[in-house]
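Residue numbers (UniProt numbering): 1 to 200. Scroll down for the structure; my scribbles are underneath it.
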């Protein structure tokens, strides 16, 4: 009970914009939140970025907190939601990687076209379709997408290049993948059907 009362006092100081109170709450809750988030993500680097992002939001919303119970509930709820969002984005990314692997498969790249020029033309069209999709993405999303899928950079490398957290990199990539799924897959599927028709 005494500890709860002390935390309430610190939260009250946080609400007034006191930096020492903010730092004290960060140190107090960080171990528990890290353990909780890591249970979902199983990645220490991503977990660290997520917790830091959460506390940035805490500072932005500091005037809304009135009690230890409310504050604690908010922290664990937002951490859980962010973890689930990251896991959902990973599922989308895995699906995209699977589809990309399909495009690189021997079957698609060694299709026998009756006229060589037809292959060159279709390859150029495909490249143009992909480029058109990328140019439709928001600036930061497009930058992250190119670094990841065109240049083959890792998440932490992209984070350093773009000077943003790995969590934000994930968000930009997820947005890019959503756009790709909506706009890129249908024409590629049509291309695949057409090439299948050539072999029948």
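We treat Cβ as the ideally placed atom computed from N, Cα and C, and that holds for glycine. None of the values given here were measured: they were computed from a predicted structure.
{"Asked": "Report the CB separation of residue 211 from residue 51 in whole angstroms; it is logged as a contact under 8 Å.", "Found": "Because the chain here runs from 1 to 200, residue 211 falls outside it and cannot be looked at."}
{"Asked": "If the criterion is Cβ atoms closer than 7 Å, does the pair residue 39 and residue 47 meet it?", "Found": "no"}
{"Asked": "In three-state terms, what does DSSP make of residue 145?", "Found": "helix"}
{"Asked": "Considering only their Cβ atoms, is the gap separating residue 10 from residue 21 smaller than 7 Å?", "Found": "yes"}
{"Asked": "When you compare the CB positions of residue 54 and residue 86, do they come within less than 7 Å of one another, or not?", "Found": "no"}
{"Asked": "Pull up the distance between the alpha-carbon of residue 148 and that of residue 36, whole angstroms please.", "Found": "29 Å"}
{"Asked": "Sorted by chain position, which residues of the same chain lie with C-beta nearer than 7 Å to residue 115's C-beta, five sequence neighbours on each side aside?", "Found": "The predicted position of residue 115 is uncertain, since its pLDDT is 39 and thus under 50; a value taken from the coordinates is nonetheless stated next. So no residue of the chain qualifies."}
{"Asked": "Look at the alpha carbon of residue 49 and the alpha carbon of residue 82, and state the distance between them as a whole number of angstroms.", "Found": "11 Å"}
{"Asked": "Please list the terminal residues of the continuous alpha helix (DSSP H) segment that includes residue 168.", "Found": "166-183"}
{"Asked": "Which runs of the alpha helix (DSSP H) spanning at least 4 residues fall entirely within the UniProt domain \"RNA polymerase sigma-70 region 2\" (25-90), listed in chain order?", "Found": "44-60"}
{"Asked": "For residue 158 versus residue 169, is the C-beta spacing smaller than 7 Å?", "Found": "yes"}
{"Asked": "Is it the case that the CB of residue 12 approaches a heavy atom of the ligand ATP more closely than 6 Å?", "Found": "Ligands are entirely absent from the displayed structure, and the ligand ATP is therefore not among its contents."}
{"Asked": "What residue range is occupied by the uninterrupted alpha helix (DSSP H) comprising residue 137?", "Found": "No alpha helix (DSSP H) holds residue 137; DSSP gives it neither H nor E."}
{"Asked": "What does the alpha-carbon distance come out to for the pair residue 63 and residue 16?", "Found": "7 Å"}
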